[in-house]
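For what it's worth, the numbering used here labels the leading residue of the sequence shown as 81, then goes sequentially.
No residue lacks a Cβ here, since even glycine has one placed at the ideal position from N, Cα and C.
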Amino acid sequence: MSQKKKASLWVTGLALVSLLAGCTGGGGSTNEAGGSATTDGDTPATAAEGFADYSNGFPEKVNLDIPVYERAFEGWNVTDNYYTRWIQKEFGDKYNVSVNFVPITRASEVTDFEQLLASRKAPDIIFHYDMPQALAYYGEEVLQELNHEEIKNYAPTYWANLGETIEQYGTIDEKPTFFFASRPNVDNFTTIIRKDWVEKVGMKLEDLTSLEKYNEMLVKWKEAGLGTTGGSLIQNSFNYNYAFRDWPFDEKYRALYSDLSVADLTTADTERYLRNLNYQFNNGLIDREFYLRSDEPKIKAEFVAGKTGTFGTYLTNNTDVIEATLKNNPDAEFAIMPPYAGVPEGREPQGRAYWPFGFIMGINYESTEMERAAVWMYLEWMSQPDNLFFLQNGVEGENYTLDEQGVAVRDPEFKGESVLAQNNNKDYWALVTETAQYPDPETTLAANKRNWSPPGHEYLADDMIKYYNETEEFRTPDALFTVVLDNVNDYKADLNVLFQELYLKIALAPEDQFDQLYEEAKTQYLNAGYQEILDEKQAAIDADQYK
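Here it is as structure tokens:
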């Protein structure tokens, strides 16, 4: 099987997604068969045979429980704000639905979901961004089998946008299980670097052409008493060694070792990564307490305080990191770190490409038929362009004005009631799409640049886009297994704990102990279950059970 090469970022435009309205939360009280949808929120679609018509509202109150990421944005209440109240008024009240938002801590979302499932308080939608964990939920039998005809009936616009993806990727063991959000080929995660620090040590951004050059600069930062590179504890997402891999890559090798849910500790790629981390630590080039930075606020605090010179983040026009840093150091200058700065000489800037969908979602096994119908109706309602645009941009004349292209131009000074969350409310509308889209690619690009451009630092978005396009060919998606990997589910929790223990022991060790400790760690890790995972994956690869 060949991996599909992704289309270029800026040449494809996706039409705005559209949807309707929803029903009660997981473990709720009703048990009647699901109903019909409307295509614009006002005109009921004809109910297909066998599906109840709820276009005029549910016969009794339905509690729809929707998960939403809690990211600790200062002053933001994820469960009660202008937009949650607007959703209740525009959707919930119309269809006799109580829309309840269930906070899921972004840094520990799997733990949160598992605890909610164990206490039978989980929301109607169980989501994750990565298929291994979604398959884990399936393996735990906490997801319902779906009826595609039911989705089409209640959410025709949503199905028109995502039906092909659902049919291609959403069936596991011949059971329709997952539904998805769309994922346009864009990404605004990047690393900001203190440009003034780079120049203070006599270098330019253009000099950062390799990891070796980057480390050379970090030595100069240390000698000048400026600070270190930022760092954080590796957890939850294990894609740290891509830049240390060979190119071109072997498809089956990547299928075997690439896995966001289980860390690879045993390959030469990881050895190269850890050897560099060990070098940086022993030479004082990285935040000495990087392993204590377990969430974004802790990492950001070091950057804002001027202790570290790099910070990985989603670049948005309302990010507060630049303003906060300037308060501490008015002379600070910022740039996008070139992606080549993390790549050893002779290698390529490899990265993990996204799968062609955003959120992977399933229906809670305890959700009733009316609650399930409400989920589809909610997705249909949210997919309507006007509703989606409002969630993404806010109130015209307050949050934004429209320019001559029809692009929403934000007012960065607006602090009124309808102010958006720091990531532009994405945690609400990400159920249907990962990125705001306009009808044509040119307008979409203009809109994205506005959404990603911090006021006064618009060049950051331009450079981020430039680097993204330059490294396009080196991003490839992980394999997507089409069977449940039982050993992954059985061992991953313990292995992730063990991985943190072992990788830190190696990284923080004296350099002359690296080789011995690494060999011992590999053996311990393989014996703790990783070898069984590799064997199971190899069998699935040999059986062609992956995409």
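Q) In chain order, what residues of the same chain lie with their CB nearer than 8 angstroms to the CB of Arg-555, ignoring the 5 residues before and after it? A) Lys-86, Gln-430, Gly-431, Arg-432 and Ala-433
Q | Validate contact between the stretch 334-344 and the stretch 309-323 using beta carbons, cut 8 angstroms, 3 pairs | A | yes
Q. If you check the beta carbons only, do Ile-379 and Gly-310 fall under 9 angstroms apart?
A. yes
(Q) What does the Cβ neighbour count give for Val-91, buried or exposed, with the cut at 16 atoms within 10 Å? (A) Bear in mind that the predicted position of Val-91 carries a pLDDT of just 26, short of 50, making it unreliable; the figure below should be weighed with that in mind. It is exposed - the Cβ of Val-91 has fewer than 16 other Cβ atoms within 10 Å.
Q.
Whole angstroms are fine: how far does the CA of Asn-268 sit from the CA of Leu-242?
A. 22 angstroms
Q) So does the stretch 497-509 actually touch the stretch 137-152, counting three or more Cβ pairs closer than 8 angstroms? A) yes
Q: Report the three-state DSSP secondary structure of Leu-306 (helix, strand or coil).
A: coil
Q: Name, in chain order, the residues that DSSP records as bridge partners for Ser-178.
A: Answer is Asn-143.
(Q) Tell me the DSSP secondary structure of Gly-130 in three-state form. (A) Here Gly-130 sits in coil by DSSP.
Q. Whose C-alpha, out of Ala-516, Glu-446, Met-417 and Trp-456, is nearest the C-alpha of Asp-466?
A. Ala-516
Q.
Give me the residue from Thr-346, Asn-356, Glu-351 and Ser-312 with the minimum Cα distance to Lys-293.
A. Asn-356
(Q) Would Leu-215 and Ile-206 be called neighbours here (beta carbons separated by less than 9 angstroms)? (A) no
Q. Based on the DSSP secondary-structure assignment, which residues constitute the bridge partners of Lys-293?
A. In DSSP, Lys-293 forms no bridge with anything.
Q.
Tell me the residue span of the alpha helix (DSSP H) that contains Met-283.
A. Per DSSP, Met-283 belongs to no alpha helix (DSSP H) and is neither H nor E.
Q) Is any heavy atom in the ligand GDP found nearer than 8 angstroms to the beta carbon of Gln-625? A) For the structure depicted, the ligand GDP is absent and the ligand set is empty, with no information on it obtainable.
Q) So, helix, strand or coil for Ser-209, using DSSP? A) This sequence places Tyr at residue 209; Ser is not what is there. Three-state result, Tyr-209: coil.
Q. Which runs of the beta strand (DSSP E) spanning at least 3 residues fall entirely within the stretch 358-422, listed in chain order?
A. With a minimum length of 3 residues, the continuous beta strand (DSSP E) runs that stay inside the stretch 358-422 are 390-394 and 414-416.
Q) Among the residues of its own chain, which have a CB less than 6 angstroms from the CB of Phe-437, if the five just before and after it don't count? A) Thr-245, Phe-260 and Arg-263
Q: Label Arg-452 either buried or exposed according to how many other C-beta atoms from any shown protein chain fall within 10 Å of its C-beta, with 16 as the threshold for buried.
A: In this structure Arg-452 is buried. Its beta-carbon is surrounded by 16 or more other beta-carbon atoms within 10 angstroms.
Q | One or two residues paired with Ile-252 in a DSSP bridge | A | Lys-255
Q | CA-to-CA distance, Asn-479 to Asp-400, given in whole angstroms | A | When rounded, the distance between both Cα atoms is 17 angstroms.
Q: Give the secondary structure of Ala-619 by DSSP, where H, G and I count as helix, E and B as strand, and everything else as coil.
A: helix
Q: For Gln-618, count neighbouring Cβ atoms within 10 angstroms of its own Cβ and tell me buried if that reaches 16, exposed if not.
A: exposed
Q. Around the C-beta of Pro-419, are 16 or more other C-beta atoms found within 10 angstroms, so that it is buried, or is it exposed?
A. buried
Q) Would DSSP call Ile-545 helix, strand or coil? A) helix
Q) Residue range of the alpha helix (DSSP H) that Leu-597 falls in? A) For Leu-597, the enclosing alpha helix (DSSP H) covers residues 594-605.
Q. Which of helix, strand or coil does DSSP assign to Val-299?
A. helix
**Q.** Secondary structure, alpha helix (DSSP H): runs of 4+ residues fully inside the stretch 153-177
**A.** 162-167
Q) Taking the C-alpha atoms as reference points, what is the distance between Met-450 and Ile-586? A) 53 angstroms
(Q) Here's the rule I'm using: 16 or more other beta-carbon atoms within 10 Å means buried, otherwise exposed. How should Lys-255 be labelled? (A) Answer is exposed; the Cβ neighbour count stays below 16.
Q.
Please report the distance separating the alpha-carbon of Tyr-249 from that of Thr-562.
A. Straight-line spacing of the CA atoms in Tyr-249 and Thr-562 works out to 8 angstroms.
**Q.** Sequence-distant residues of its chain with Cβ nearer than 8 angstroms to Gly-364 (five each side left out)
**A.** Lys-302 and Thr-308
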